[in-house]
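In our numbering, the protein residues as written are 821 to 1060. Heads up: the structure comes next, in structure tokens.
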């Protein structure tokens, strides 16, 4: 056990990018999915399509409560492919775009499923601790967790349901409240230094940064992280 965590009684996990991709930003995985479906673009065009889809999903009611992760990926890749078509980056028929979306979304779903199986082993190993999930998601995280059979969490704080999103520290304060402990007795585990580690540290939690392939430049100052890991499998070694 790392001495920084000897008094820890509860754990708050991020979901996307942490449990379902082991630190890789989903933009890279989605791009791989499109490549698997035969669609390749330059970096700037891809970033445009990715950001466009993320904003559309955040602003419009496209994802529904009953949607599984496979449904989310199908809708997300569909929007991305349509955007690439509008930008003139691809020339495909509607049928071809649907076929590409199906292939890309299946790649992404399988990627997440494989990562989650590895995360499951970690959650089982540290399962004697009270755990809460705090996530920026679309209102369907319960359906996603059921589909992947992830039932380890005492409570779930989902941005679309509580009306506050990371990096706002208030979403982590809600997680602390759900655990019913002092912040200093809780460790937050997440892949985003800016959205997970900094706000969690600001409210007094201990922090573990899962450093992977992030979006944008890596931070120069990582002092808000009490520990840095590059694999979720390392977590039991520092917490137990």
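The C-beta atom is built at its ideal place from N, Cα and C for all residues, glycine as well. Owing to the predicted nature of the structure, the values given are computational and were not obtained by experimental measurement.
Please state whether the Cβ-Cβ distance between residue i and residue j is less than 8 Å.
i	j	result
residue 843	residue 1011	yes
residue 991	residue 977	yes
residue 1060	residue 961	no
residue 1039	residue 1015	no
residue 952	residue 973	yes
residue 1026	residue 828	yes
residue 957	residue 929	no
residue 907	residue 868	yes
residue 1058	residue 821	yes
residue 917	residue 925	no
residue 1023	residue 993	yes
residue 886	residue 963	yes
residue 954	residue 1052	no
residue 847	residue 870	yes
residue 837	residue 927	no
Please name the residue in the options whose C-alpha comes closest to that of residue i.
i	options	result
residue 831	870, 864, 866 and 949	949
residue 860	833, 1042 and 912	912
residue 1054	858, 1030 and 1045	1030
residue 1056	944, 1043 and 1037	944
residue 970	849, 983, 933 and 1051	933
residue 965	825, 871 and 839	839
residue 979	826, 834 and 887	834
residue 1037	862, 1013, 1051 and 1050	1013
residue 909	849, 826 and 866	866
residue 1019	1043, 1002, 1003 and 989	989
In the DSSP assignment, the beta strand (DSSP E) including residue i goes from what residue to what residue?
i	result
residue 1030	1026 to 1030
residue 911	That residue, residue 911, is in no beta strand (DSSP E); it is neither H nor E in DSSP.
residue 972	Looking at the DSSP string, residue 972 is not in any beta strand (DSSP E), and its letter there is neither H nor E.
residue 825	Residue 825 -> no beta strand (DSSP E), and no H or E assigned at all.
residue 1053	From DSSP, residue 1053 is part of no beta strand (DSSP E); its letter is neither H nor E.
residue 1007	1006 to 1010
If residue i and residue j are in contact, beta carbons under 8 Å, what's the gap, nearest whole angstrom?
i	j	result
residue 873	residue 903	7 Å
Considering just the uninterrupted stretch of the alpha helix (DSSP H) at residue i, what are its terminal residues?
i	result
residue 948	Premise fails: residue 948 is in no alpha helix (DSSP H) and is neither H nor E.
residue 849	846 to 856
residue 995	989 to 999
In whole angstroms, what separates the C-alpha of residue i from that of residue j?
i	j	result
residue 921	residue 899	9 Å
residue 823	residue 999	22 Å
residue 1028	residue 1045	6 Å
residue 940	residue 845	19 Å
residue 938	residue 895	26 Å
residue 923	residue 1035	24 Å
residue 1041	residue 882	37 Å
residue 1032	residue 878	24 Å
residue 855	residue 959	28 Å
residue 1048	residue 825	13 Å
residue 849	residue 857	13 Å
Check whether the Cβ of residue i lies closer than 8 Å to any Cβ atom in chain B.
i	result
residue 910	No chain B appears in this structure, which consists of one protein chain only.
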